[in-house]
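Worksheet: the structure to be examined is printed underneath.
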Amino acid sequence: MNVVERNNPVKRIPCSEIAPHIHDEIVGDGACFFRTLSKAVTGTEANHYVVCVSLIKFMLHPANVLAFGRLLRQSVAYDIDAQKAVTSHINRSRLYSETAWSTEYEVFAAATMF
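Taken in order, the sequence shown gives residues 1 to 114; the numbers are from the UniProt record's numbering.
If you want it as structure tokens, here you go:
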């Protein structure tokens, strides 16, 4: 039996050559997640509050509220319970504040929305 050694035709490129090289300063006021999304989507972090409110509306939209409600509370079975769970989370997290910290739920919402 002859063993034939084959060269791998795939060119290997170090990660440092293909990774994004964009480094930008983002204001660290608590809303840095929303500022970063704003910078990526709109080109400026000045729209961070608009991005945050858009995510809130996305989570509360009737087509999405049950899914987000179930993420927040496993026992949620109905839209009204989901609406309450999501609204409660938004109020507890003070998402309507311009310096609101994001949680894993906002990260999930952003990943779903964008």
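Using N, Cα and C, we set each Cβ at its ideal position, and we do this for glycine too.
Assigned with DSSP and collapsed to three states, tyrosine 96 falls in coil, not helix or strand. Looking only at Met59, His61, Gln74, Tyr49, the smallest Cα-Cα distance to alanine 100 is reached by Tyr49. Check the Cα spacing between valine 107 and each of Glu25, Arg92, Leu37, Asn91: the tightest is with Leu37. Counting C-beta pairs closer than 8 Å gives fewer than three between the stretch 68 to 79 and the stretch 28 to 36, which falls short of the contact rule. Per the C-alpha coordinates, the member of Ala111, Ile90, His23 positioned closest to leucine 60 is Ile90. Note on isoleucine 56: 16 or more other CB atoms within 10 angstroms of its CB, so buried under the neighbour-count rule. Per DSSP, the continuous alpha helix (DSSP H) segment holding isoleucine 56 begins and ends at 48 to 60. Cα atoms of leucine 66 and serine 93: separation of roughly 19 Å, rounded to the nearest angstrom.
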